[in-house]
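Data first, discussion second: the structure below is written as structure tokens.
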Amino acid sequence: MSQQLPDVQASSPDVTVGLNRVGVTGVEKLVKLGRRDRDPIVLMAEFEVFVDLPSWRKGADMSRNMEVIDETLETAVSEQAYRVEDVCGDAAELLLEKHDYTTKAEVRMEADYVTHELTPESEMATQSTATIIASATATEDGTSEEIGAQVTGMTVCPCSQGMSAARARETLRSMAVEDEVIDDFLEQMPQAGHSQRGHATLTVESDGAPEVDLNELIEVARDSMSARIYNLAKRPDEDHMTFEAHKDAKFVEDCVRALAEGVVDRFPDLPDEAIVYMEQSNDESIHQHNAHAERVAKLGDLRGEVATESTGDD
Numbered sequence: 002m003s004q005q006l007p008d009v010q011a012s013s014p015d016v017t018v019g020l021n022r023v024g025v026t027g028v029e030k031l032v033k034l035g036r037r038d039r040d041p042i043v044l045m046a047e048f049e050v051f052v053d054l055p056s057w058r059k060g061a062d063m064s065r066n067m068e069v070i071d072e073t074l075e076t077a078v079s080e081q082a083y084r085v086e087d088v089c090g091d092a093a094e095l096l097l098e099k100h101d102y103t104t105k106a107e108v109r110m111e112a113d114y115v116t117h118e119l120t121p122e123s124e125m126a127t128q129s130t131a132t133i134i135a136s137a138t139a140t141e142d143g144t145s146e147e148i149g150a151q152v153t154g155m156t157v158c159p160c161s162q163g164m165s166a167a168r169a170r171e172t173l174r175s176m177a178v179e180d181e182v183i184d185d186f187l188e189q190m191p192q193a194g195h196s197q198r199g200h201a202t203l204t205v206e207s208d209g210a211p212e213v214d215l216n217e218l219i220e221v222a223r224d225s226m227s228a229r230i231y232n233l234a235k236r237p238d239e240d241h242m243t244f245e246a247h248k249d250a251k252f253v254e255d256c257v258r259a260l261a262e263g264v265v266d267r268f269p270d271l272p273d274e275a276i277v278y279m280e281q282s283n284d285e286s287i288h289q290h291n292a293h294a295e296r297v298a299k300l301g302d303l304r305g306e307v308a309t310e311s312t313g314d315d
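Heads up, the final residue of the sequence shown is numbered 315 in the numbering used here, and it's a clean run with no missing numbers.
Written as structure tokens, this is what we have:
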């Protein structure tokens, strides 16, 4: 007869302080994402799972957390989940069930996601990669889920471009070009500005699964920057990207506001209580630091702000 081992984690800690999040990170699992009338997508996903810990308990059951993740993901693979956020939600609810001492369970997942498209001018087939971001938080009051993505694009600095335009105007005037012609030229031919590789992050969170399509969120995020970029690009495509980016120069702040406008326009049926997270981070080309801006808001608040902007009210 085997000896019963003591449950050290269930004992009292030396310092009775509760903890908000205890769990495991860096858990890699395959997730099969079903698509109606199409072959499923298999994702290599990385998970984080957490529970809160009361002050009277020494530790969480790490092996039990892994058991829940394994059980949930095996079910998701066999049944082909259609929403990655539901995989997180199922896992969070199982965590809550299996840990009788916790009041909140959290699961977060990230995975690379490939989309197929054509280049803008040469129309050659290519692929783009986005990072899927999904999470869920389960409590006794219910489960909230989050879905979104981070994408890469191109931005051009309006300030730098403005200085180039001023230099061009001065040069053309010295060549006796009329101001009307100069204005017309600068309107049609945007001037140089230093460019950055930009990273836009957009997620939506709601009670239950947000009624949004992941691919539409990715489209909104890609359109928020000065121009889209493509892994494959012939010379006409490079020219297209460069021209489009300089025609729509944006600060990081402008990109976040474009995310807000895009969400409001694209998802009219989402509830006002949905939480929208928007972030833009640019790898600066003329500095060693990066530029960053973000906003977290209820969708109803964003709708009010965007509507005010469109009517021109103060």
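By construction, the Cβ of each residue, glycine as well, lies at the ideal position given by its N, Cα and C atoms.
Please read all numbers here as calculations on a predicted model, not as lab measurements.
Just to confirm, is the Cβ distance from residue i to residue j under 8 Å?
i, j, result
"Gln192", "Gln162", "yes"
"Ile219", "Ala112", "no"
"Ala106", "Ala126", "no"
"Glu147", "Val108", "no"
"Gly199", "Ala250", "no"
"Val52", "Leu95", "no"
"Gln197", "Thr156", "yes"
"Val264", "Leu215", "no"
"Ala82", "Leu34", "yes"
"Ser145", "Ser207", "yes"
"Val85", "Val32", "yes"
"Ser123", "Lys235", "yes"
"Glu49", "Glu29", "no"
"Arg1", "Gly154", "The structure shown does not extend to residue 1, since the chain spans only 2 to 315, so no value can be given for it."
Tell me where the beta strand (DSSP E) around residue i begins and ends.
i, result
"Phe252", "No beta strand (DSSP E) contains Phe252, which DSSP labels as neither H nor E."
"Ile183", "Element bounds for Ile183: not the beta strand (DSSP E) but the alpha helix (DSSP H), Asp180 to Gln189."
"Leu20", "Leu20 to Arg36"
"Asp214", "Careful: Asp214 lies outside any beta strand (DSSP E) and carries neither H nor E."
"Ile276", "Ile276 to Asp284"
"Ala294", "Asn291 to Lys299"
Just to check my reading of the structure: residue i and residue j have Cβ atoms closer than 8 Å, yes? What is that Cβ distance to the nearest angstrom?
i, j, result
"Ala210", "Asp87", "6 Å"
"Tyr231", "Asp240", "So it is not a contact: roughly 12 Å between Cβ atoms."
"Val253", "Ala292", "5 Å"
"Val221", "Leu203", "6 Å"
"Thr104", "Glu141", "7 Å"
"Val277", "Ala294", "Contact flag wrong, Cβ pair sits at about 14 Å."
Just curious, the alpha helix (DSSP H) that residue i is in, first and last residue?
i, result
"Gly154", "Run containing Gly154: none in the alpha helix (DSSP H); it sits in the beta strand (DSSP E), Gly143 to Val157."
"Ala246", "Arg236 to Lys248"
"Leu203", "Run containing Leu203: none in the alpha helix (DSSP H); it sits in the beta strand (DSSP E), Ser196 to Asp208."
"Asn232", "Segment: none, Asn232 is in no alpha helix (DSSP H) and carries neither H nor E."
For residue i, does the count of other Cβ atoms within 10 angstroms reach 16, so buried, or fall short, so exposed?
i, result
"Met226", "buried"
"Arg323", "Any question about residue 323 goes unanswered here, given that the chain covers just 2 to 315."
"Thr138", "buried"
"Gly27", "exposed"
"Gln289", "exposed"
"Gly301", "exposed"
"Tyr102", "exposed"
"His247", "buried"
"Pro7", "Low confidence applies here, because Pro7 scores a pLDDT of 48, under 50, leaving its location unreliable and the question unanswered by this model."
"Val261", "One point to set straight first is that residue 261 is Ala, not Val, in the sequence displayed. That one is buried."
"Val213", "buried"
"Ala308", "exposed"
"His100", "buried"
"Leu119", "exposed"
"Gln281", "buried"
"Met279", "buried"
"Ala201", "buried"
"Ile287", "exposed"
"Ala177", "exposed"
"Gly24", "buried"
"Thr172", "exposed"
"Ala259", "buried"
"Asn21", "exposed"
"Asp180", "exposed"
"Met242", "buried"
"Met190", "exposed"
"Val69", "buried"
"Ala275", "buried"
Is the CB of residue i under 8 Å away from at least one CB in chain D?
i, result
"Ser282", "Here there is only one protein chain, and chain D is not present."
Checklist line | Whole beta strand (DSSP E) elements within the segment 50 to 136, 3-residue minimum | finding: Runs of the beta strand (DSSP E) inside the segment 50 to 136: 105 to 119.
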